[in-house]
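**Q**
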Amino acid sequence: MNKSSPKYKSEYLHGLNRQQRRAVKHGLKNGEISHTRSLLVIAGAGSGKTKTLAHRVAHLVVSGMDPRRILLLTFSRRAAQEMTSRVRQITEIAPDRQIDMPWSGTFHAIGVKLIREYGPQVGLGSNFSILDRSDAADLMNFVRQDLGFSNADTPFPNKNTCLAIYSFVVNSQLSLKVVLSKHFRWCRQWRYELRRLFRGYKAAKIEQNVIDYDDLLLHWLEIMNDKNIAKDIQNRFDHVLVDEFQDTNRLQADILLKLRPNGDGMTVVGDDAQAIYSFRAATVRNILDFPNQCSPKAKIVTLERNYRSTQPILDASNGVIGFAAERFTKNLFSRRKSSQRPLLTMVADERQQARYVAEQILEAREGGVPLKSQATLFRASSHSAALELELARRKIPFVKYGGAKFLEAAHIKDVISTLRWCENPRDQVAGFRVLQLLPGVGPGTAKNILNGIEGRQDIKKALARINVPDRAKEAWPSFKRLVGRMHLAKDRWPSQLRYIREWYDPLLHHNYDDAQLRAPDIAQLEQIAAGYENCDSFLTELALDPPGDTKTPFRPNGRDQDDDYTILSTIHSAKGQEWRVVRVLNVVDGCIPSAQANDMEEERRLLYVAMTRAKNNLDLIVPQRIFSYQSNQFDDRNVYGIVSRFVPVSLRKGFDSRTWRDRSEALSH
Numbered sequence: 015m016n017k018s019s020p021k022y023k024s025e026y027l028h029g030l031n032r033q034q035r036r037a038v039k040h041g042l043k044n045g046e047i048s049h050t051r052s053l054l055v056i057a058g059a060g061s062g063k064t065k066t067l068a069h070r071v072a073h074l075v076v077s078g079m080d081p082r083r084i085l086l087l088t089f090s091r092r093a094a095q096e097m098t099s100r101v102r103q104i105t106e107i108a109p110d111r112q113i114d115m116p117w118s119g120t121f122h123a124i125g126v127k128l129i130r131e132y133g134p135q136v137g138l139g140s141n142f143s144i145l146d147r148s149d150a151a152d153l154m155n156f157v158r159q160d161l162g163f164s165n166a167d168t169p170f171p172n173k174n175t176c177l178a179i180y181s182f183v184v185n186s187q188l189s190l191k192v193v194l195s196k197h198f199r200w201c202r203q204w205r206y207e208l209r210r211l212f213r214g215y216k217a218a219k220i221e222q223n224v225i226d227y228d229d230l231l232l233h234w235l236e237i238m239n240d241k242n243i244a245k246d247i248q249n250r251f252d253h254v255l256v257d258e259f260q261d262t263n264r265l266q267a268d269i270l271l272k273l274r275p276n277g278d279g280m281t282v283v284g285d286d287a288q289a290i291y292s293f294r295a296a297t298v299r300n301i302l303d304f305p306n307q308c309s310p311k312a313k314i315v316t317l318e319r320n321y322r323s324t325q326p327i328l329d330a331s332n333g334v335i336g337f338a339a340e341r342f343t344k345n346l347f348s349r350r351k352s353s354q355r356p357l358l359t360m361v362a363d364e365r366q367q368a369r370y371v372a373e374q375i376l377e378a379r380e381g382g383v384p385l386k387s388q389a390t391l392f393r394a395s396s397h398s399a400a401l402e403l404e405l406a407r408r409k410i411p412f413v414k415y416g417g418a419k420f421l422e423a424a425h426i427k428d429v430i431s432t433l434r435w436c437e438n439p440r441d442q443v444a445g446f447r448v449l450q451l452l453p454g455v456g457p458g459t460a461k462n463i464l465n466g467i468e469g470r471q472d473i474k475k476a477l478a479r480i481n482v483p484d485r486a487k488e489a490w491p492s493f494k495r496l497v498g499r500m501h502l503a504k505d506r507w508p509s510q511l512r513y514i515r516e517w518y519d520p521l522l523h524h525n526y527d528d529a530q531l532r533a534p535d536i537a538q539l540e541q542i543a544a545g546y547e548n549c550d551s552f553l554t555e556l557a558l559d560p561p562g563d564t565k566t567p568f569r570p571n572g573r574d575q576d577d578d579y580t581i582l583s584t585i586h587s588a589k590g591q592e593w594r595v596v597r598v599l600n601v602v603d604g605c606i607p608s609a610q611a612n613d614m615e616e617e618r619r620l621l622y623v624a625m626t627r628a629k630n631n632l633d634l635i636v637p638q639r640i641f642s643y644q645s646n647q648f649d650d651r652n653v654y655g656i657v658s659r660f661v662p663v664s665l666r667k668g669f670d671s672r673t674w675r676d677r678s679e680a681l682s683h
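Okay, so the sequence shown: first residue is 15 according to our numbering, each after it adds one.
This is how it looks when you write it as structure tokens:
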């Protein structure tokens with residue numbers, strides 16, 4: 015390797031700005047490693063984080079570091095592969111160096127390599143099997159059944175919920191009591207049973223010589239508790255680099271502390287302002303506390319130049335995050351100037367919001383912005399319900415990320431199937447689904463019931479003659495009453511949906527562990543239905559939005575020739591993405607921040623993440639009349655009272671405020 019070559023010494027650094035270059039060259043002087051003081055790179059949104067980290071790895075390699083002694087930890091296999099590929103591209107100017115990075119990968123991938131090697135020294139068999147999430151849930155269910163919890167009178171959490179709780183406890187390193195009280199409130203009554211279940215689950219894994227996904231981290235930490243093993247692993251690596259550090263959980267942070275107790279040779283990259291995954295057990299404390307956990311204190315380099323957004327968008331975003339209670343100070347700036355400030359758009363209600371967004375999407379497309387370059391973001395998956403129906407009505411193709419399409423969610427399909435079957439008892443598909451909602455009614459019984467009423471004109475009388483199994487008799491009378499009420503209420507739309515909601519509510523709580531999170535969706539469906547003239551028009555409209563894969567574009571009438579589609583996404587699923595035009599729904603208190611949120615600071619960060627996805631145009635949309643799912647009624651507020659607390663009056667000067675009214679409704683008045 016010719017270190018004296020001018021091309022070699024400087025070419026690959028030419029594309030970096032001053033802050034990026036400081037991060038890349040940290041600890042290196044005149045091409046030689048001078049010290050290993052820890053480094054924290056605060057990489058603002060759109061600031062070239064991946065580019066900077068890849069160049070730092072490459073700079074270490076071309077400065078003489080053995081790439082086999084570099085540990086690079088990422089959060090996805092794709093990210094690790096991309097990072098390694100970039101390093102190879104950057105170092106092509108030194109063709110005599112063969113870049114082999116065997117220790118580049120996800121936390122879990124690195125964990126399994128180390129456990130395979132060192133596990134036997136701490137009692138783990140090297141021939142263990144790894145359970146995927148589905149297999150782990152099945153094993154949890156076997157233990158659940160052996161303990162008799164699946165036969166409890168009050169429905170015990172299902173296998174997937176039990177696994178989610180167990181996983182959260184492991185990754186957060188919190189007690190079961192704390193996890194239940196903060197994140198799984200609807201399961202608090204089962205604390206002692208869950209503790210027994212988890213003990214049995216761990217015993218079953220040991221007996222079968224299997225480990226689950228979370229064990230890959232847990233056992234990595236456990237082998238690091240052996241001083242000799244810890245020293246051996248520490249000596250393997252000269253540098254440890256971690257991507258997306260704000261998304262690490264407590265377990266991962268503990269592993270890193272064991273790996274580098276003083277932080278020497280460690281580089282972590284992330285953005286505290288984009289820490290939004292606490293529901294996965296990630297904690298912003300890891301990145302906030304990192305500098306003071308190192309000795310000496312970690313060097314901090316902040317990347318503030320944004321390559322994505324216009325300056326007015328960044329000014330508004332900086333203003334929102336500037337009110338954060340605790341953060342690393344940064345002020346994003348861009349060389350992309352624009353006279354177009356972000357919009358703060360007032361609409362009458364959520365239905366008008368849907369019409370407004372659909373109209374704006376079409377208008378932007380006519381102006382030359384492809385549908386794929388436009389995204390509509392929202393705090394919760396259900397917030398896009400009215401918009402999905404409006405896009406379907408206007409035959410605007412879309413793809414949705416983050417949860418199922420509203421109409422595909424199981425509980426929504428339950429309610430719609432009930433409505434369809436009560437309207438048309440010959441609808442066997444709907445009837446088959448509805449009958450199995452009843453406790454004690456399985457596929458065989460449901461089919462027998464449908465056969466028993468087939469061809470009968472008076473469905474109410476037909477149901478009265480059905481002899482249901484003993485296990486279904488408790489739920490049968492209320493079902494018959496519902497059918498009777500629905501028959502009498504045929505001309506009183508939309509009261510039918512209210513009757514279904516009242517009947518379905520106890521079944522929702524019986525069939526779904528997270529019923530209290532799903533219940534607002536049923537109320538929202540009822541409100542959407544109220545906007546239709548009758549049941550027939552409502553069901554016809556729903557039929558225009560056929561079920562499909564949430565990651566496959568919805569194409570009206572089965573058309574496949576249109577490859578362009580607009581994006582709908584939760585804010586969580588939008589992180590790391592960017593679009594020319596971004597619209598954010600329901601920027602009101604109760605939605606952003608969510609009324610169910612525990613952490614207001616994370617809610618603020620969510621809005622910041624949404625805003626910084628926009629490249630050219632940003633529109634925050636504010637319905638002035640919004641349905642309150644807690645009280646099942648509309649909440650009217652004035653303009654200043656409804657806007658999210660994260661956009662106070664002092665920040666409004668950074669927006670162009672306007673009020674939109676549907677032209678068709680304006681003409682009718």
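Glycine residues also receive a C-beta, built at the ideal position from the N, C-alpha and C atoms.
Keep in mind that this is a model prediction, so the values were computed, not measured.
1) Report back the beta-carbon spacing between Val623 and Val636 to the nearest angstrom; my notes put them in contact at under 8 Å.
2) Does DSSP put Phe89 in a helix, in a strand, or in coil?
3) Ends of the beta strand (DSSP E) at Leu30?
4) Does Gln644 pass the burial test, meaning 16 or more other C-beta atoms within 10 Å, or should it be called exposed?
5) Pick from Pro453, Asp146, Leu265: whose alpha carbon is nearest that of Pro169?
6) Does the Cβ of His425 have 16 or more other Cβ atoms within 10 Å, making it buried, or fewer, making it exposed?
7) Check whether the segment 251-262 and the segment 27-35 are in contact - that is, three or more C-beta pairs closer than 8 Å.
8) Going by Cα to Cα distance, which pick from Tyr526, Gln288, Asp613, Ile581 is closest to Phe392?
9) With a cut-off of 8 Å on the beta carbons, I'd call Val298 and Arg618 a contact; round off their distance for me.
10) Please name the residue in Glu402, Val256, Arg407 whose C-alpha comes closest to that of Ala93.
11) Report the three-state DSSP secondary structure of Ile290 (helix, strand or coil).
12) In this structure, does DSSP put Asn685 in helix, strand or coil?
13) Could you have a look at Trp517 and say whether DSSP puts it in helix, strand or coil?
14) On the criterion of 16 or more Cβ atoms from any shown chain inside 10 Å, does Gly137 qualify as buried, or is it exposed?
15) How many angstroms separate the CA atom of Ser353 from the CA atom of Met625?
16) Is DSSP giving Ile473 helix, strand or coil here?
17) Which whole-angstrom value describes the C-beta separation of Ile124 and Leu87, a residue pair presumed to lie in contact below a C-beta threshold of 8 Å?
18) What did DSSP end up calling Met154 once you bin it into helix, strand or coil?
19) Note the first and the last residue of the continuous alpha helix (DSSP H) segment covering Phe121.
20) Bridge partners for Val482 per DSSP, in chain order?
21) For Ala151, I'd like the list of residues in its chain whose CB is within less than 6 Å of its CB, leaving aside the five on either flank, ordered along the chain.
22) Grab the span of the alpha helix (DSSP H) containing Asp490 for me, first residue to last.
23) By DSSP, does Arg322 sit in helix, in strand, or in coil?
24) Assuming Arg672 and Thr359 are in contact, meaning their beta carbons sit under 8 Å apart, how far apart are those beta carbons, in whole angstroms?
25) Could you say which of Leu464, Ile463, Asp484, His397 lies nearest to Asp535 if we only look at CA atoms?
26) In terms of alpha-carbon separation, which member of Asp226, Leu273, Asn630, Leu346 lies closest to Asp240?
27) Restricting to Cα atoms, I'd like to know which of His501, Thr390, Asn481, Glu25 is closest to Pro439.
28) With a CB to CB cut of under 7 Å and the five nearest residues on each side skipped, what residues in its chain are close to Ala68?
29) Where does Lys629 sit, in a helix, a strand or coil, going by DSSP?
30) By the DSSP assignment, the alpha helix (DSSP H) with Tyr206 in it spans what residues?
31) Between which residues of its own chain and Gly284 is the CB-CB distance below 6 Å, once the five residues before and five after are set aside?
32) Where do the N-terminal and C-terminal ends of the alpha helix (DSSP H) with Val183 fall, by residue?
33) Alpha carbons only, please: which of Trp674, Lys589, Val602, His122 is nearest the one belonging to Gly58?
34) Would Glu221 be called buried (16 or more neighbouring beta carbons within 10 Å of its own) or exposed?
35) Would you kindly work out how many angstroms separate the C-alpha atoms of Met154 and Arg209, rounded to a whole number?
36) Rounded to the nearest angstrom, how far is the Cβ of Glu616 from that of Ala362, given a contact under 8 Å?
**A** Taking the definition as stated:
1) Here the question's residue 623 lines up with position 609 in the sequence shown. Here the question's residue 636 lines up with position 622 in the sequence shown. Not really, about 19 Å apart at Cβ, beyond 8 Å.
2) In the sequence shown, the residue the question calls residue 89 occupies position 75. The answer is coil: DSSP assigns Phe89 none of H, G, I, E or B.
3) If you number the sequence shown from 1, residue 30 lands on position 16. Premise fails: Leu30 is in no beta strand (DSSP E) and is neither H nor E.
4) Residue numbering aside, residue 644 sits at position 630 when the sequence shown is read from its first letter. Because Gln644 carries a pLDDT of 48, less than 50, the predicted location of this residue cannot be relied on, and the following value inherits that uncertainty. Under this definition Gln644 is an exposed residue.
5) Looking up residue 169 in the sequence shown gives position 155. Here the closest residue by C-alpha is Pro453.
6) Walking along the sequence shown from the start, residue 425 turns up at place 411. Looking at its Cβ environment, which holds 16 or more other Cβ atoms inside 10 Å, His425 is buried.
7) no
8) Position 378 of the sequence shown, counted from the first residue, corresponds to residue 392. Checked all of Tyr526, Gln288, Asp613, Ile581; the closest Cα to Phe392 is Ile581.
9) One-based indexing of the sequence shown puts residue 298 at position 284. One-based indexing of the sequence shown puts residue 618 at position 604. Contact flag wrong, Cβ pair sits at about 11 Å.
10) Walking along the sequence shown from the start, residue 93 turns up at place 79. Selected option, being the one with the closest Cα: Val256.
11) In the sequence shown, counting from the first residue as 1, residue 290 sits at position 276. Residue state, collapsed to three classes: coil.
12) Here the chain has residues from 15 to 683 only, and residue 685 is not among them.
13) Mapped onto the sequence shown, residue 517 falls at position 503. Looking at Trp517 - three-state DSSP - the assignment turns out to be helix.
14) Here residue 137 is taken as the residue at index 123 of the sequence shown, counted from 1. With fewer than 16 Cβ atoms within 10 Å of its Cβ, Gly137 is classed as exposed.
15) Here residue 353 is taken as the residue at index 339 of the sequence shown, counted from 1. Here residue 625 is taken as the residue at index 611 of the sequence shown, counted from 1. Roughly 17 Å separates the two Cα atoms.
16) The sequence position of residue 473 within the sequence shown is 459, counting from 1. It is helical.
17) By one-based count along the sequence shown, residue 124 stands at place 110. By one-based count along the sequence shown, residue 87 stands at place 73. Yes, Ile124 and Leu87 are in contact; Cβ-Cβ is about 6 Å, under 8 Å.
18) The residue you call residue 154 lines up with position 140 of the sequence shown. In this structure, Met154 counts as helix in the three-state DSSP scheme.
19) Taking the first residue of the sequence shown as position 1, residue 121 is located at position 107. Run containing Phe121: 121-132, per the alpha helix (DSSP H) assignment.
20) On the sequence shown, position 468 is the one that residue 482 refers to. Answer by DSSP bridge pairing: none, since Val482 is not bridged.
21) As a working mapping, residue 151 is identified with position 137 in the sequence shown. Once the five neighbours on either side are set aside, the close Cβ partners of Ala151 are Lys173, Asn174, Leu177.
22) Locating residue 490 in the sequence shown gives position 476, where the first residue counts as 1. Checking the sequence, you will find Trp at residue 490 rather than Asp. Run containing Trp490: 490-502, per the alpha helix (DSSP H) assignment.
23) Your numbering for residue 322 matches position 308 in the sequence shown. Residue state, collapsed to three classes: coil.
24) For this step, residue 672 is matched to residue 658 along the sequence shown. For this step, residue 359 is matched to residue 345 along the sequence shown. Between Thr359 and Arg672 the Cβ distance is about 6 Å, and since that is below 8 Å, they are a contact.
25) To locate residue 535, count along the sequence shown from 1; it is residue 521. If we check each option's Cα against that of Asp535, His397 comes out closest.
26) Taking the sequence shown and counting its residues from 1, one reaches residue 240 at position 226. Considering only alpha carbons, the answer is Leu273.
27) As a working mapping, residue 439 is identified with position 425 in the sequence shown. Nearest of His501, Thr390, Asn481, Glu25 to Pro439, Cα basis: His501.
28) One-based indexing of the sequence shown puts residue 68 at position 54. Cβ within range, chain order: Met97, Arg100, Val101, Ile104.
29) In the sequence shown, the residue the question calls residue 629 occupies position 615. Lys629 falls in the strand class under three-state DSSP.
30) Residue mapping note: residue 206 aligns to position 192 of the sequence shown, counting from 1. Per DSSP, Tyr206 belongs to the alpha helix (DSSP H) from 205-222.
31) Taking the sequence shown and counting its residues from 1, the one referred to as residue 284 is at position 270. Correct list, in chain order: Glu258, Phe259, Gln260, Ile301.
32) Residue mapping note: residue 183 aligns to position 169 of the sequence shown, counting from 1. Residues 173-186.
33) Here residue 58 corresponds to residue number 44 of the sequence shown, with the count starting at 1. For Gly58, the nearest C-alpha among the options comes from Lys589.
34) As a working note, residue 221 is residue 207 in the sequence shown. When all chains shown are included, Glu221 counts as exposed.
35) On the sequence shown, position 140 is the one that residue 154 refers to. On the sequence shown, position 195 is the one that residue 209 refers to. One C-alpha to the other measures close to 12 Å.
36) By 1-based counting over the sequence shown, the position of residue 616 is 602. By 1-based counting over the sequence shown, the position of residue 362 is 348. Wrong, their Cβ atoms sit about 30 Å apart, outside the cutoff.
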